[in-house]
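Report on one structure; see the data block that follows.
Residue numbers (the UniProt record's numbering): 1 to 476.
Shown next, in the form of structure tokens:
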């Protein structure tokens with residue numbers, strides 16, 4: 001167990017999802033092999049890096065001109081001309097693998113290396129165009145890489161060049177390009193105002209990083225609403241290679257199209273305020289609503305027909321949750337949503353700081369890091385419950401959501417995650433000192449399981465469901 005913790009701490013890309021966002025779930029291939037329609041049956045003889053399949057069926061490709069210098073290749077060619085056998089040449093120059101490598105390099109040297117230079121020029125041209133596309137936030141697929149490569153080849157009069165799947169795969173591997181899920185969209189207006197926004201972000205960071213230096217970080221808060229699907233299901237799953245239709249089980253189809261709202265509050269010192277305000281999705285709030293959720297002390301629940309917040313509900317959050325948990329004279333950072341105006345504009349309880357519109361992804365600590373960890377933990381809990389207790393537990397109904405949120409927030413509020421919450425403020429630019437390395441909630445609560453992870457509560461020895469972040473025990 002200690003070795004596993006040490007591994008996760010020494011490999012932050014396994015736990016810091018802000019530094020490694022390659023996957024939405026747990027699995028990600030380096031590239032999407034379905035994202036190409038090009039025929040891979042290119043003329044290998046025209047490819048200076050082609051090698052036939054070896055005895056294990058693996059295609060091996062290497063650049064001959066990188067094995068030895070031009071002078072060394074000339075020496076190899078001359079020794080063959082005077083009668084040296086290939087085994088003798090191979091004994092002298094051990095990187096040689098096939099006799100025809102010498103023929104290829106001889107032809108290459110006669111051409112003065114122009115073919116390879118053209119291949120390099122095509123690769124570099126495509127890379128520069130790819131950089132421009134990403135600076136413009138364009139969606140790019142394999143076919144676009146192929147189009148760019150073919151246009152570059154046409155400009156160099158390389159009419160026999162084919163942007164095959166193999167060439168595209170090598171190009172992507174060389175430049176560390178992979179297929180990624182789009183998780184944010186921006187408009188032309190946003191792009192046009194990008195320089196202005198970046199300047200505004202830097203000014204805001206500079207102002208408030210200085211402002212917070214002399215303040216007690218326990219009294220600096222950030223609050224925001226985040227929507228959560230009634231039944232959260234991972235968008236990726238393991239399945240057999242070649243499967244066309246990948247299906248996932250949901251307990252209710254209605255739960256996939258509706259959501260509730262959670263409104264966490266975090267401090268710059270790394271604490272999550274409890275209880276967390278939650279707005280349930282209820283077409284008509286039943287009389288048993290409060291009774292059903294009363295047992296879950298880590299949430300304060302209200303409801304709306306949409307599951308979203310409103311001016312009235314925001315006022316209820318301020319009166320029933322925030323004022324009771326915070327101290328008068330504290331500092332509160334919120335965005336420019338107009339729903340805040342009614343409860344915050346005329347109050348004297350807190351000093352309110354409004355984050356500029358269009359900058360919350362960079363300046364709001366909850367958006368920058370915390371909400372992603374909260375939803376990841378909630379999703380993993382939901383997935384695991386469906387696998388182990390699908391017939392006993394409904395993750396999408398009122399009590400099921402209440403129970404999941406109660407467990408989720410009890411873990412997120414644990415002392416061991418203070419550094420994680422502080423990291424959200426650090427990444428947003430408000431505090432200068434980077435917190436110590438930490439395990440994310442998913443990494444600590446679920447990824448430290450081993451063969452001996454059975455329930456440690458009472459006389460229960462069943463397979464554990466979670467490792468508690470508070471008591472450190474494995475529990476069912």
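Backbone N, C-alpha and C define an ideal beta-carbon position, used for all residues, glycine too.
Which of helix, strand or coil DSSP assigns to residue i
i	result
residue 155	helix
residue 58	With a pLDDT of only 39 at residue 58, under the threshold of 50, the placement of this residue in the model should not be trusted, and no figure is reported.
residue 354	strand
residue 333	strand
residue 338	helix
residue 138	coil
residue 222	strand
residue 246	coil
residue 449	coil
residue 463	strand
residue 280	strand
residue 30	Residue placement at residue 30 is flagged as unreliable, the pLDDT there being 36, under the threshold of 50; the coordinate-derived value follows with that caveat. Note: residue 30 maps to coil in three-state DSSP.
residue 148	helix
residue 227	strand
residue 359	coil
residue 201	helix
residue 263	strand
residue 472	coil
residue 454	strand
residue 300	strand
residue 274	coil
residue 40	In this predicted model, residue 40 has a pLDDT of only 33, less than 50, meaning its place in the structure is not dependable; the value taken from the coordinates is given anyway. Coil.
residue 315	helix
residue 307	coil
residue 190	helix
residue 88	helix
Proximity of residue i and residue j at Cβ, strictly below 8 Å
i	j	result
residue 230	residue 255	yes
residue 266	residue 423	no
residue 347	residue 355	no
residue 418	residue 270	yes
residue 314	residue 339	yes
residue 93	residue 76	yes
residue 469	residue 416	yes
residue 331	residue 351	yes
residue 234	residue 379	yes
residue 374	residue 317	no
residue 152	residue 177	no
Through-space distance from residue j to residue i, alpha-carbon basis
i	j	result
residue 377	residue 167	39 Å
residue 207	residue 184	27 Å
residue 304	residue 361	26 Å
residue 329	residue 215	11 Å
residue 413	residue 222	15 Å
residue 296	residue 171	53 Å
residue 474	residue 299	24 Å
residue 56	residue 101	Legend: pLDDT at residue 56 = 39, less than 50; position of this residue unreliable, no value from coordinates given.
residue 103	residue 420	59 Å
residue 401	residue 195	42 Å
residue 163	residue 368	39 Å
residue 336	residue 142	39 Å
residue 404	residue 205	35 Å
residue 109	residue 98	18 Å
residue 165	residue 145	10 Å
residue 66	residue 188	45 Å
residue 341	residue 200	22 Å
residue 382	residue 389	10 Å
residue 191	residue 325	40 Å
Supposed contact pair residue j and residue i - C-beta distance, whole angstroms, cut 8 Å
i	j	result
residue 212	residue 430	6 Å
residue 386	residue 236	With a Cβ gap of about 15 Å, residue 386 and residue 236 do not count as contacting.
residue 353	residue 333	5 Å
Contact test: residue i Cβ vs the ligand MG heavy atom, cutoff 7 Å
i	result
residue 155	In the structure on display, the ligand MG does not appear, and there are no ligands present to speak of.
**Report entry** the region 386-400 touching the region 433-452, judged by at least three CB pairs closer than 8 Å
**Finding:** no
Query raised in the report: Does the pairing of the region 278-289 with the region 233-241 give three or more beta-carbon distances under 8 Å?
Result: no
Query raised in the report: Quick one: any contact between the region 256-263 and the region 220-236, if contact means 3 or more CB pairs under 8 Å?
Result: yes
**Report entry** Cβ contact check for the region 91-109 and the region 130-144: 3 or more pairs under 8 Å
**Finding:** no
Report task. For the region 145-160 and the region 115-128, state whether three or more C-beta atom pairs, one from each stretch, are separated by less than 8 Å. Result -> yes
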